[in-house]
Amino acid sequence: MRTSVPVKVLAQLSCRNLWRHRRRNAMLLGAIVIAVAFVLLANSLLRGWQAQMLDTVVANLTGHVKVLAPGYRDDPSIQRSFLLPADYQPELPGVDGWASRVRVPGVILSERDTRGVQLVGVDPAQELEISFLADVAVEGDFLESPTDRRVLIGAALADQLETAVGRRIVLMTQGSDGRNREAGYRVAGTYRASSSSLEKVFVFTGREVLQDLLGSPAVTELSIKLVENGQRSVARDILQRQFAAQEASTWDELEPMAASMFRFVDTAMLIWFSIMMAALAFGLVNTLVTAVMERTRELGMLRAIGMQPGVVLIQVVMECLMIVSLGVLLGIGCGVLAVRSLSEGIDLSQWTAGIESYYMGSLLIPVLLPYDILRVLGLSLLFGLLASVFPAWRAVRVEPLDAMRR
Amino acid sequence: MDAHDYVVQCHGLERTYHDDGVPVHALAGVDFEVEKGDFVSLAGPSGSGKSTLLNCIGGLDRATAGTVTVGGVDLASLSSAELAELRLRRVGFVFQSYNLIPVLSARENVEFIMQLQGVHADQRRRDALAMLDSLGIGELADRRPGELSGGQQQRVAVARAIVSKPVLLLADEPSANLDSHTTAELLQLLADINRERGMTIITATHDPAVMAFARRRIGLQDGRIVSDLRDEGAGG
Ligand SMILES: Nc1ncnc2c1ncn2[C@@H]1O[C@H](COP(=O)(O)OP(=O)(O)OP(=O)(O)O)[C@@H](O)[C@H]1O
Ligand SMILES: [Mg+2]
Numbered sequence: 018m019r020t021s022v023p024v025k026v027l028a029q030l031s032c033r034n035l036w037r038h039r040r041r042n043a044m045l046l047g048a049i050v051i052a053v054a055f056v057l058l059a060n061s062l063l064r065g066w067q068a069q070m071l072d073t074v075v076a077n078l079t080g081h082v083k084v085l086a087p088g089y090r091d092d093p094s095i096q097r098s099f100l101l102p103a104d105y106q107p108e109l110p111g112v113d114g115w116a117s118r119v120r121v122p123g124v125i126l127s128e129r130d131t132r133g134v135q136l137v138g139v140d141p142a143q144e145l146e147i148s149f150l151a152d153v154a155v156e157g158d159f160l161e162s163p164t165d166r167r168v169l170i171g172a173a174l175a176d177q178l179e180t181a182v183g184r185r186i187v188l189m190t191q192g193s194d195g196r197n198r199e200a201g202y203r204v205a206g207t208y209r210a211s212s213s214s215l216e217k218v219f220v221f222t223g224r225e226v227l228q229d230l231l232g233s234p235a236v237t238e239l240s241i242k243l244v245e246n247g248q249r250s251v252a253r254d255i256l257q258r259q260f261a262a263q264e265a266s267t268w269d270e271l272e273p274m275a276a277s278m279f280r281f282v283d284t285a286m287l288i289w290f291s292i293m294m295a296a297l298a299f300g301l302v303n304t305l306v307t308a309v310m311e312r313t314r315e316l317g318m319l320r321a322i323g324m325q326p327g328v329v330l331i332q333v334v335m336e337c338l339m340i341v342s343l344g345v346l347l348g349i350g351c352g353v354l355a356v357r358s359l360s361e362g363i364d365l366s367q368w369t370a371g372i373e374s375y376y377m378g379s380l381l382i383p384v385l386l387p388y389d390i391l392r393v394l395g396l397s398l399l400f401g402l403l404a405s406v407f408p409a410w411r412a413v414r415v416e417p418l419d420a421m422r423r
Numbered sequence: 010m011d012a013h014d015y016v017v018q019c020h021g022l023e024r025t026y027h028d029d030g031v032p033v034h035a036l037a038g039v040d041f042e043v044e045k046g047d048f049v050s051l052a053g054p055s056g057s058g059k060s061t062l063l064n065c066i067g068g069l070d071r072a073t074a075g076t077v078t079v080g081g082v083d084l085a086s087l088s089s090a091e092l093a094e095l096r097l098r099r100v101g102f103v104f105q106s107y108n109l110i111p112v113l114s115a116r117e118n119v120e121f122i123m124q125l126q127g128v129h130a131d132q133r134r135r136d137a138l139a140m141l142d143s144l145g146i147g148e149l150a151d152r153r154p155g156e157l158s159g160g161q162q163q164r165v166a167v168a169r170a171i172v173s174k175p176v177l178l179l180a181d182e183p184s185a186n187l188d189s190h191t192t193a194e195l196l197q198l199l200a201d202i203n204r205e206r207g208m209t210i211i212t213a214t215h216d217p218a219v220m221a222f223a224r225r226r227i228g229l230q231d232g233r234i235v236s237d238l239r240d241e242g243a244g245g
């Protein structure tokens, strides 16, 4: 007849042992709680950064998915364009907003200076749905329609050109026939974006106005913002079928820098997690080994009276897992509270100038994903289990007689 | 004689330790049998091999040569898990000290071994309390070892060792940490258990008082039996 494992009494024994050394175990518990809470907090800050990165990339006229004419990415010009029906509406699920644009390189001239820029012909109503223009502060007027004959330029560009709202500027670019075209426009307004590089690059005017200048009814891009970032590949494939002659791409294909940054943050999360957990496991193993060593005689006696080594092992592992699970649960609780308390976001404005290039805005809002909580929970318990196996193994490695002689 | 009349049989039992390469013959050829219901004391100077002999009989130590059988089973044929099982179900141990789990009460300590054996909760509780009562420490059932005197702790240890009715009780210097009065009480207890329950008991001791309570006194020296005296009148 084999002995069954008396789980209840082992659990009771574990609880009593933990309580017996409550001061030491409280410290251990505290360390676990702090480590897990920090991991979760760091995780959600990094996720917040990722979310911001994504928002920035999507808003900077990229969208989650975009349709471009073949070759446009290497040589952006009105020759590489496509026609969109006047009543076009995207036919795919999960669309949050969309915009069709004409976007070509050009030159802007004021009385004072000349700059190379991107000329973007837009439908202002569409842009308010999907691009950074929804968030900019405008001095003067925003564009009113796709036929608005004025321009909206960045505040930084206005400074460089020494021009202002209501003044006239000239746009120059290559038309669809390959000849240079130019025309004069009045500045409707100047915008302030989160980054001055945006302000210096993009010059907006009505889409049809720019099409007139270029002598083409075509658009150069169709940009779509999705509700779910995760659906971008599906959306791309659908668009590719609908626009068989064009090229549909996702944001990470269009912005490889941003995409690798995005993945780097994923890696950073794992590295941070591993460091914290390794430190914790080290402390855990130390404490548990001490706890087990103190009980060498007791465990030797238990084995001498017939407790199987496996049962001793289970008891020690159980004891470790109890404190680890309690610590992990409390740690997750504290982590969630910490994240909640930062839900207004962390003001990074004094640092942002330096980190703008990493797609970070001035306000970092932590993002807590259920997936991350589950991952922290699962991995910490796994670490705890691994950390408890060594002390438990030490406990049963000693022969009962040797253990009792100590 | 039929082998089944013997609880323990040792033949040519040797146990050699290696102390830094130097062989130490803790047992150098021991032959003896213990009949069911006997009360045997092993006596002899320190280092004569008393503990080693008890440990070999209890399956805590393995013989270097010779055989040990307990209840007719040759211990050499058992795996270490099977030896643990044997100790759990057929042999009761009382050690010199550290017999009890410090975080469990007296009753829980007694129940613990039954829990390992898979005895049902009701029966466990009943048996444990009855056992503590019959050893005169029923009112201490809820105290932890740290709240008991040395003699009381050893009584709990005896209760723990015999509660599940092993065929054999092994006690290695059970009185080493006790004063003479408490020792006498503990021995009286063992003698009563031996007489009333017919439990086979083997103790190892230096203590002449302990020897007086036993029915059979085996003298050991340098790992060999040097005397074997039977006193039919003693034990009560
Ligand atoms: N694990 C061991 N390693 C080496 N030598 C040992 C070991 N255990 C016992 N011995 C030796 O074996 C001999 C017998 O020891 P044992 O403990 O059986 O004696 P004992 O009669 O119980 O002595 P005591 O009365 O002091 O308890 C001694 O010489 C001892 O030093
Ligand atoms: Mg001894």
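Each protein sequence line maps, in turn, to chains A and B.
Positions 18 to 423 (this note's numbering) are the ones given, in order, by the first sequence.
Positions 10 to 245 (this note's numbering) are the ones given, in order, by the second sequence.
Here a beta-carbon is modelled for each residue, glycine too, at the ideal position from N, C-alpha and C.
Computed from a predicted model, the values in this text were never measured in an experiment.
Contacting residues, own chain, Cβ-Cβ under 8 Å from residue i (five flanking each side not counted)
i	result
B:L195	G160, Q163, R164, V167, P183, S184 and L187
A:A200	V187, L188 and L230
B:G46	N203, G207, M208 and T209
A:G111	L243, V244, E245, Q248 and A252
B:R99	V79, G80, P175, V176 and L177
Residues of its chain near residue i, where Cβ-Cβ distance is below 6 Å and the 5 sequence neighbours each way are ignored
i	result
B:T191	G160
A:D140	P163 and R224
Proximity below 8 Å, CB of residue i to CB of residue j
i	j	result
B:V172	B:M123	yes
B:A69	A:L359	Correcting the residue type first, residue 69 of chain B is Leu in the shown sequence and not Ala. In this structure, A:L359 does not lie closer than 8 Å to B:L69 by Cβ.
A:L45	A:L403	no
B:A115	B:R152	yes
A:G395	A:V50	no
A:V82	A:L243	yes
A:Y105	A:R97	no
A:L62	A:P383	yes
A:Q263	A:V406	no
B:R230	B:G53	Arg is not the amino acid found at residue 230 of chain B; the sequence shown has Gln there. Yes, these two residues count as a Cβ contact at 8 Å.
A:A420	A:G348	no
Residue i versus residue j - alpha carbon distance
i	j	result
A:F279	A:V204	37 Å
B:A93	A:G323	4 Å
A:G171	A:Q135	12 Å
A:L424	A:Y388	One cannot answer for residue 424 of chain A here, as it falls past the ends of chain A, which runs 18 to 423.
B:V82	B:R24	19 Å
A:E156	A:Y208	6 Å
B:E120	A:G352	42 Å
B:L87	A:L287	49 Å
A:I340	A:L35	8 Å
A:I147	A:L271	17 Å
B:I227	B:R169	26 Å
A:S250	A:C337	44 Å
A:T222	A:Q191	16 Å
A:R166	A:I125	15 Å
B:R71	B:Q105	21 Å
A:A409	A:V306	8 Å
B:D28	B:G75	21 Å
B:L109	B:A150	13 Å
A:V182	A:G232	27 Å
A:G362	A:L381	5 Å
Assigned secondary structure, residue i (DSSP; H/G/I helix, E/B strand, else coil)
i	result
B:N186	coil
A:M18	The predicted model places A:M18 with a pLDDT of 44, which falls under 50 and marks its position as unreliable; any figure quoted below should be read in that light. In the structure shown, A:M18 sits in coil (DSSP, three-state: anything other than H, G, I, E or B).
B:L113	coil
A:A173	helix
A:M310	helix
B:Q197	helix
A:N197	strand
A:P417	helix
B:V79	strand
A:E458	There is no way to answer for residue 458 of chain A, as the model of chain A reaches only from 18 to 423.
A:T73	helix
A:V353	helix
B:K174	coil
Own chain, CB closer than 7 Å to residue i, minus 5 neighbours either side, in chain order
i	result
A:E161	P141
A:V413	P326, V329 and L330
B:S60	D181 and A213
Could you name the residues whose beta carbon sits closer than 7 Å to any heavy atom belonging to ligand 2, keeping them in chain order?
-> B:K59, B:S60, B:D181, B:E182 and B:A213
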